[in-house]
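Structure first, then comments.
There are 2 protein chains.
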Amino acid sequence: MSDSARGRNLPLGQVASAAAFSPLYQQIKALLVQALDAGEWKPGESIPSEIELASRFQVSQGTVRKAVDELAAEHLLTRRQGKGTFVSTHHEPRVRFRFLRLASNEGEPQPAESRVLDCRRIRANAEMARALELKSGDPIVAIRRLLSFAGTPTVVDDIYLPGALFKGLSADLLNGYSGPLYGMFESEFGISMVRAEEKLRAELAEIEIAKCLGVEPGIPLLCVERISYTYANRPVELRVGHYVTSQYYYRNSLN
Amino acid sequence: MSDSARGRNLPLGQVASAAAFSPLYQQIKALLVQALDAGEWKPGESIPSEIELASRFQVSQGTVRKAVDELAAEHLLTRRQGKGTFVSTHHEPRVRFRFLRLASNEGEPQPAESRVLDCRRIRANAEMARALELKSGDPIVAIRRLLSFAGTPTVVDDIYLPGALFKGLSADLLNGYSGPLYGMFESEFGISMVRAEEKLRAELAEIEIAKCLGVEPGIPLLCVERISYTYANRPVELRVGHYVTSQYYYRNSLN
DNA sequence: AAGTGGTCTAGACCACGTT
DNA sequence: ACGTGGTCTAGACCACTTT
Numbered sequence: 001m002s003d004s005a006r007g008r009n010l011p012l013g014q015v016a017s018a019a020a021f022s023p024l025y026q027q028i029k030a031l032l033v034q035a036l037d038a039g040e041w042k043p044g045e046s047i048p049s050e051i052e053l054a055s056r057f058q059v060s061q062g063t064v065r066k067a068v069d070e071l072a073a074e075h076l077l078t079r080r081q082g083k084g085t086f087v088s089t090h091h092e093p094r095v096r097f098r099f100l101r102l103a104s105n106e107g108e109p110q111p112a113e114s115r116v117l118d119c120r121r122i123r124a125n126a127e128m129a130r131a132l133e134l135k136s137g138d139p140i141v142a143i144r145r146l147l148s149f150a151g152t153p154t155v156v157d158d159i160y161l162p163g164a165l166f167k168g169l170s171a172d173l174l175n176g177y178s179g180p181l182y183g184m185f186e187s188e189f190g191i192s193m194v195r196a197e198e199k200l201r202a203e204l205a206e207i208e209i210a211k212c213l214g215v216e217p218g219i220p221l222l223c224v225e226r227i228s229y230t231y232a233n234r235p236v237e238l239r240v241g242h243y244v245t246s247q248y249y250y251r252n253s254l255n
Numbered sequence: 001m002s003d004s005a006r007g008r009n010l011p012l013g014q015v016a017s018a019a020a021f022s023p024l025y026q027q028i029k030a031l032l033v034q035a036l037d038a039g040e041w042k043p044g045e046s047i048p049s050e051i052e053l054a055s056r057f058q059v060s061q062g063t064v065r066k067a068v069d070e071l072a073a074e075h076l077l078t079r080r081q082g083k084g085t086f087v088s089t090h091h092e093p094r095v096r097f098r099f100l101r102l103a104s105n106e107g108e109p110q111p112a113e114s115r116v117l118d119c120r121r122i123r124a125n126a127e128m129a130r131a132l133e134l135k136s137g138d139p140i141v142a143i144r145r146l147l148s149f150a151g152t153p154t155v156v157d158d159i160y161l162p163g164a165l166f167k168g169l170s171a172d173l174l175n176g177y178s179g180p181l182y183g184m185f186e187s188e189f190g191i192s193m194v195r196a197e198e199k200l201r202a203e204l205a206e207i208e209i210a211k212c213l214g215v216e217p218g219i220p221l222l223c224v225e226r227i228s229y230t231y232a233n234r235p236v237e238l239r240v241g242h243y244v245t246s247q248y249y250y251r252n253s254l255n
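Protein sequences, first through last, are from chains A and B. Read left to right, the first sequence gives residues 1 to 255 (the numbering used here). Read left to right, the second sequence gives residues 1 to 255 (the numbering used here).
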């Protein structure tokens with residue numbers, strides 16, 4: 001097939017709407033994302049070996065490798081030499097670290113504790129609808145939670161989720177769960193956060209927020225507005241966080 | 001050479017202290033970084049073709065390709081199909097965008113203007129020495145500058161540079177230069193900023209800073225502490241910025 | 001037409017982890 | 001011993017840019 005392999009598309013039975021056109025390895029990549037999105041392999045599980053995938057998609061191992069390489073670079077997959085390639089999961093601390101960017105002024109690690117202050121069903125306002133690609137008035141699960149480090153209240157998060165995707169979500173379920181929130185979203189609702197965009201601003205603590213954090217109103221807070229996306233680049237979370245940055249800071253790398 | 005190529009090191013004449021051991025393409029990568037650091041190819045110039053590099057290092061084109069691929073992913077190099085591979089430069093807006101993370105609440109682009117308020121020689125205090133891997137008391141160039149967008153003062157930066165690396169730097173030179181600061185560092189001092197680490201906090205505007213920005217003292221500001229690194233991971237800039245975030249925000253992507 | 005990077009293949013061997 | 005991903009090679013052809 002060395003000749004017929006160039007410029008071609010994959011057999012139509014395999015190529016779905018998302019995958020199309022151009023480089024073979026991009027088509028493979030799209031097919032893999034599609035399979036991940038469909039839940040063919042769950043977070044933490046291994047995907048088929050490169051040789052199996054090559055045979056399944058009728059391409060060479062090298063082409064599969066390039067597709068998997070890129071997905072690993074984007075942290076959708078995790079390679080482990082000698083063992084296989086695995087679907088990334090928020091139950092690994094390494095992944096969580098990518099989404100929780102607070103670090104202590106001292107070098108110490110941070111024993112984090114999450115407490116849910118509120119959880120209710122509301123209707124999407126214009127801002128939520130825009131962020132989550134819904135319609136105004138669509139059902140939303142609204143959560144307010146407090147993050148504490150070493151016993152010190154540090155972050156208040158207001159989290160807004162599409163009601164359609166998080167059917168049974170309740171305060172009890174949230175509080176009964178230890179470990180990262182995104183880990184629970186994975187396990188309980190089959191929704192994997194893969195990427196996020198954030199907007200950061202400085203603000204003055206409002207009374208309500210200050211109460212939650214146990215600080216004086218009017219102290220400066222770091223306001224972090226986040227939209228999180230799952231596999232197919234679909235937004236599935238809007239989150240507005242208020243961070244006390246006297247003992248902790250938001251770390252970032254420019255590459 | 002298909003057999004002798006595995007597990008070997010490059011000929012000793014080529015391998016320098018930084019490069020050593022293990023995967024061939026990593027050795028090539030280190031050699032390329034070393035060449036960049038030595039200024040063998042200047043920012044904006046093209047490096048030799050893959051075939052030339054393969055011949056120079058006595059490896060296959062594929063191995064060079066993998067080394068160059070990684071350097072391109074790290075933005076040290078920029079590939080252009082049909083033309084060649086080029087040393088990245090801060091004179092391209094695309095690169096500048098990576099280090100200037102402010103965006104407008106409206107979607108508009110931002111005509112930026114930089115004005116130098118102060119430029120003097122000082123001695124490194126403990127914090128500067130630690131950040132820049134110098135000794136306390138070593139010479140430092142300290143710059144204060146104001147960034148304005150669409151005529152609105154928005155950022156005050158305090159910039160600290162190792163005096164040894166920026167000999168002729170003066171307020172006149174700074175003000176006589178239009179375009180990005182890092183572009184000037186490249187052209188005038190041969191120092192390329194490649195990567196940076198930032199710590200973000202919220203603060204209240206101090207009187208001095210508020211005056212520069214034309215705002216009331218006590219409004220909330222975003223404080224951004226940055227350490228910038230050049231090719232060999234050597235820190236060459238400490239920068240503390242104070243951002244007004246009413247019309248602009250700091251954008252970030254979590255991948 | 002010639003030169004560059006971009007894609008694809010095929011096959012070999014290495015390093016790691018499990019059986 | 002076997003299967004996994006990791007590295008390396010060699011060669012073919014494609015797509016883009018310049019001459």
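Cβ atoms here follow ideal geometry from the backbone N, Cα and C, with glycine treated the same way. Every value quoted in this text rests on a predicted model; they were computed, and no experiment measured them.
In three-state terms, what does DSSP make of residue i?
i, result
"Leu-238 of chain B", "strand"
"Ser-60 of chain A", "coil"
"Arg-98 of chain A", "helix"
"Tyr-250 of chain B", "strand"
"Leu-222 of chain B", "strand"
"Val-244 of chain B", "coil"
"Val-87 of chain B", "strand"
"Tyr-182 of chain A", "helix"
"Lys-211 of chain B", "helix"
Quick one: list the residues of chain A neighbouring residue i, beta-carbon separation under 7 angstroms, in chain order.
i, result
"Thr-245 of chain B", "Arg-201, Ala-202"
"Asn-252 of chain B", "Glu-198, Leu-200, Asn-252"
Buried or exposed: residue i, going by 16 or more other Cβ atoms within 10 Å of its Cβ?
i, result
"Arg-94 of chain A", "exposed"
"Asn-252 of chain B", "buried"
"Leu-256 of chain B", "Residue 256 of chain B lies beyond the stretch modelled for chain B, which goes from 1 to 255, so this question has no answer here."
"Gln-27 of chain B", "buried"
"Pro-162 of chain B", "buried"
"Gly-137 of chain B", "exposed"
"Lys-29 of chain B", "buried"
"Ser-192 of chain A", "buried"
"Ile-47 of chain A", "buried"
"Ile-227 of chain B", "buried"
"Phe-185 of chain B", "buried"
"Arg-79 of chain B", "exposed"
"Phe-97 of chain A", "exposed"
"Ala-131 of chain B", "buried"
"Ala-196 of chain A", "buried"
Does residue i come within less than 8 angstroms of chain A when only Cβ atoms are used?
i, result
"Ser-17 of chain B", "Because the pLDDT of Ser-17 of chain B is 32, which lies under 50, any placement of that residue in the model is unreliable, and the number read from its coordinates should be weighed accordingly. No, Ser-17 of chain B lies away from the interface with chain A (no Cβ there is under 8 angstroms from its Cβ)."
"Arg-6 of chain B", "With a pLDDT of only 35 at Arg-6 of chain B, under the threshold of 50, the placement of this residue in the model should not be trusted, and no figure is reported."
"Glu-74 of chain B", "yes"
"Tyr-182 of chain B", "no"
"Gly-84 of chain B", "no"
Looking at residue j and residue i, is the spacing between their C-beta atoms short of 8 angstroms?
i, j, result
"Tyr-298 of chain A", "Asp-37 of chain A", "This structure gives no information on residue 298 of chain A, because the portion of chain A shown stretches from 1 to 255."
"Glu-92 of chain A", "Asn-255 of chain B", "no"
"Tyr-249 of chain A", "Lys-199 of chain B", "yes"
"Leu-24 of chain A", "Thr-85 of chain A", "no"
"Leu-76 of chain A", "Val-236 of chain A", "no"
"Ile-143 of chain B", "Arg-123 of chain B", "no"
"Lys-42 of chain B", "Val-87 of chain B", "yes"
"Leu-102 of chain A", "Arg-201 of chain B", "no"
"Glu-203 of chain B", "Pro-217 of chain B", "no"
"Ala-112 of chain A", "Phe-149 of chain A", "yes"
"Val-215 of chain A", "Val-244 of chain A", "yes"
"Leu-146 of chain B", "Arg-115 of chain B", "yes"
"Tyr-263 of chain A", "Phe-99 of chain A", "As shown, chain A starts at 1 and ends at 255. That puts residue 263 of chain A outside it, with no answer to give."
Closer than 8 angstroms, CB to CB, is residue i near chain B or not?
i, result
"His-91 of chain A", "no"
"Pro-220 of chain A", "yes"
"Tyr-25 of chain A", "no"
Taking C-beta pairs closer than 9 angstroms, name the residues in chain A that residue i reaches, listed in chain order.
i, result
"Phe-99 of chain B", "Leu-254"
Could you list which residues in chain A have their beta carbon closer than 8 angstroms to that of residue i, in chain order?
i, result
"Arg-195 of chain B", "Ser-253, Leu-254, Asn-255"
"Glu-160 of chain B", "A quick correction: the sequence has Tyr, not Glu, at residue 160 of chain B. In chain order: nothing, as chain A lies at least about 18 angstroms away."
Run down chain B in chain order and give the residues with a C-beta less than 9 angstroms from the C-beta of residue i.
i, result
"Tyr-231 of chain A", "Residues of chain B passing the Cβ test: none, with the nearest at roughly 14 angstroms."
Using a cut-off of 7 angstroms between C-beta atoms, extract the partners of residue i located in chain B.
i, result
"Tyr-249 of chain A", "Lys-199, Leu-200, Arg-201"
If you measure from the CB of residue i, is any heavy atom of the ligand ATP nearer than 7 angstroms?
i, result
"Ser-187 of chain A", "Within the structure as shown, the ligand ATP is missing, as the structure has no ligands at all."
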